[in-house]
Amino acid sequence: MHELSMANGIVETVLKEAKKRDASSVVEVRLVVGRFTMLGLEQLRYCYKLLTKNTSLEHSRLRIEREEGRIRCDSCGFEGPIQLKERLEYHLVFPTLECPECRKAVEMVSGRGCYIKSVRLKMSKHSSESYAPNVIL
Amino acid sequence: MDHTTRLVKHGKGEVFDIELEESILKANDDLAAKNRELLGKHGVKAIDIMGSIGSGKTSLIELIVQKLKDRCRVAVFNGDLTTTIDAVRVARHGVEVVQINTGKECHLDANLVAKALDEIDLEELDLILIENVGNLICPGEFRLGADRRLVVISVTEGPYMVLKHPFIFIEADVVVVNKLDLAEAMGVKFEDLQTDVNNVNPKTKVVGTSCRNNLGIDKVIEALQV
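Heads up: the protein sequence lines correspond to chains A and B, in order. Taking the numbering used here, the leading residue of the first sequence gets 1, the next gets one more, and so forth. Taking the numbering used here, the leading residue of the second sequence gets 1001, the next gets one more, and so forth.
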């Protein structure tokens, strides 16, 4: 159950960014979560909702994209999606670090990250021009 | 200017997007890299020992410490939500012990380990065994800066422990299957668990032990290359 500490990290990062840019509120947070992290999205959303109450993130939308798992084999050079194995008698599909080409062990190169891709802010009516970033609307 | 440059800025009270690319897990990974660097600077190796509750992590550590303490200088970090039960058990063997109490967190993280590293003199050490909180889910996600990661399971948890928790075994350099003295009574085969682990990660070394009978410990030490 580390969704709470992850959600806390997200909220703190966004609050800092919003404050720095003199935003009045946060409209949307776009988060990327690797498929091979142990984060439960349902719990993450729940913790986010709890933690954003009475902050400038309250009522903001949390959009979550998944990052796919990818592997690279140092033995034969294979690069591609992480392979899956099955034990269907247990309704089980699990990832494997076995190379689909040469059967040696591979490195996982993506699918384990969790990061904030972007945030959408509503600017304060009193925000100074000097804070204006160069964004095309 | 012979062409029109159009610059668009946000107005007051308007909405705009900011690219952040701010990693939440990376904060821990960065701290873990710092721990690793600090350990490397002092020539100290560290092992992150993860595993189920009651699988025998502390027993295994006690036996490894007894075997190694005469040939290298060992310290142990014991991670638990609360109590100093494990620290007291390990300290009996005459090695330096730091208890890390997480409060309510179900795993150690790089920050807690950095604090524990502050408590000891790294110049006086060769090896640190870090006992993580008993849990097969969360500890895998949080690297501590250790050289190797070991996962302890035992036959009394039944035959499906690896199948049910494949993710932590992706992270494991070495897996210890403990309580082999009870394997027959439990109807669990070591070889089946070994196959399950290597299906997830072909390079993980799987070692059977019976900590109660002090069996298999040398093989664990060999697999850890310490």
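Glycine included, every Cβ here is placed at the ideal spot set by N, Cα and C. This structure is a prediction, so every number in the text was calculated from the model and none was measured.
TODO: Using a threshold of 7 Å, state whether the C-beta atoms of K1024 (chain B) and L1129 (chain B) are closer than that.
DONE: Checking the displayed sequence, the identity of residue 1024 (chain B) turns out to be Ile instead of Lys. Result no, Cβ atoms of I1024 (chain B) and L1129 (chain B) do not sit closer than 7 Å.
Open item on the list: Beta-carbon within less than 8 Å of A18 (chain A)'s beta-carbon, same chain only, minus the 5 sequence neighbours each way: which residues are those?
Closed with: S25, V26, S56, L57, V119, L121
Open item on the list: Counting only Cβ pairs nearer than 9 Å, list the residues of chain B close to S118 (chain A).
Closed with: Per Cβ cutoff of 9 Å: D1017, I1018, E1019, L1020, E1021.
Task: Contacts of E1123 (chain B) in chain A (Cβ-Cβ under 9 Å) - done: Those within 9 Å of E1123 (chain B) in chain A number zero; the least Cβ separation is about 33 Å.
Open item on the list: Among B:I1217, B:I1153, B:I1120, B:A1116, whose alpha-carbon lies nearest the alpha-carbon of G1228 (chain B)?
Closed with: Look at the range of chain B in this structure, 1001 to 1226, and you will see that residue 1228 (chain B) is not part of it.
Task: Nearest-angstrom Cα separation, counted from L1136 (chain B) out to I1120 (chain B) - done: 28 Å
Open item on the list: If contact is defined by three or more beta carbon pairs under 8 Å, each pair taking one atom from either stretch, is the region 1171-1182 of chain B in contact with the region 1080-1089 of chain B?
Closed with: no
Open item on the list: Classify Y115 (chain A): buried if its beta carbon has 16 or more other beta carbons within 10 angstroms, exposed otherwise.
Closed with: When all chains shown are included, Y115 (chain A) counts as buried.
Task: Members of the region 1126-1148 of chain B near chain A, C-beta cut-off 9 Å - done: Listed in sequence order: I1137, C1138, G1140, E1141, F1142.
Task: Residue-chain proximity (K19 (chain A), chain B), Cβ-Cβ < 7 Å - done: no
Open item on the list: To be precise: take each residue of the region 94-115 of chain A, compare its Cβ to all Cβ atoms of chain B, and keep it if any distance is under 8 Å. Which residues remain?
Closed with: F94, P95, T96, L97, E98, R103, K104, A105, M108, R112, G113, C114, Y115
TODO: Show which residues of chain A have a CB atom less than 7 Å away from the CB atom of P1166 (chain B).
DONE: F94, P95
Task: Backbone CA spacing between D22 (chain A) and G69 (chain A) [nearest angstrom] - done: 37 Å
TODO: Note down, in chain order, each residue of its chain lying with its Cβ closer than 7 Å to the Cβ of D1002 (chain B), except the 5 sequence neighbours on either side.
DONE: In this predicted model, D1002 (chain B) has a pLDDT of only 44, less than 50, meaning its place in the structure is not dependable; the value taken from the coordinates is given anyway. Cβ within range, chain order: n/a, list empty.
Open item on the list: Taking 7 Å as the threshold (beta carbon to beta carbon), is H2 (chain A) in contact with chain B?
Closed with: yes
TODO: List the residues that DSSP assigns as beta-bridge partners of T96 (chain A).
DONE: BP columns for T96 (chain A) point to A:Q83.
Task: Terminal residues of the beta strand (DSSP E) in which E1105 (chain B) lies - done: Unbroken run through E1105 (chain B): none, as it is neither H nor E.
Open item on the list: I'd like the span of the beta strand (DSSP E) that includes K1205 (chain B), first residue to last.
Closed with: 1205-1208
TODO: Output, in chain order, the set of chain A residues within a Cβ distance shorter than 9 Å of I1217 (chain B).
DONE: Those within 9 Å of I1217 (chain B) in chain A number zero; the least Cβ separation is about 26 Å.
- [ ] Specify the secondary structure class of L1125 (chain B) as computed by DSSP and reduced to three states.
- [x] coil
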